[in-house]
Amino acid sequence: MSAYPPADDRLKHLLAQEINLHVDTWKLAFWIADGIVKSPEIRRELERIAAAHAAGQSCGDRHCQHCWNARLTDQETSA
0 MSAYPPADDR LKHLLAQEIN LHVDTWKLAF WIADGIVKSP EIRRELERIA AAHAAGQSCG
60 DRHCQHCWNA RLTDQETSA
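Position one of the sequence shown corresponds to residue 0 (numbering that gives the first Met the number 0), numbered consecutively onward.
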């Protein structure tokens with residue numbers, strides 16, 4: 000894996016890449032991403048989702064592709 004972006008800043012860079020699709024400048028994208036990664040509420044939610052996944056449980060987030068796929072698989076095997 001590439002050394003850039005560094006692992007401790009990867010989340011910010013990934014968010015900025017997505018945000019940059021909708022704003023005019025990288026500077027604005029990085030500013031928004033910085034606010035997101037520093038938000039205690041967002042950090043807690045990321046930790047909750049990661050803990051649920053690590054325990055093999057559904058995180059319950061309707062936008063989680065992993066849990067959505069598992070739910071569809073469960074519904075198909077139940078039918």
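All C-beta atoms, glycine included, are put in the ideal place defined by N, C-alpha and C.
Bear in mind that the values here come from a model prediction, so they are computed numbers and not experimental data.
Counting only runs of 4+ residues fully inside the segment 16-70, write out the alpha helix (DSSP H) ranges in chain order.
25-36 and 39-53
Option in Asp60, Gln64 and Leu13 with minimal Cα separation from Ile35:
Leu13
Leaving aside the five residues before and after Met0 along the sequence, list all residues of the same chain whose C-beta is less than 7 angstroms from its C-beta, in chain order.
Caution is warranted here: a pLDDT of 49 is assigned to Met0, below 50, making its placement in the model unreliable, and the coordinate value is therefore given only provisionally. None.
Where Ala53 falls, given that 16 or more other Cβ within 10 Å makes a residue buried
exposed
Separation of Asp23 from Ile48, as counted between CA atoms
31 angstroms
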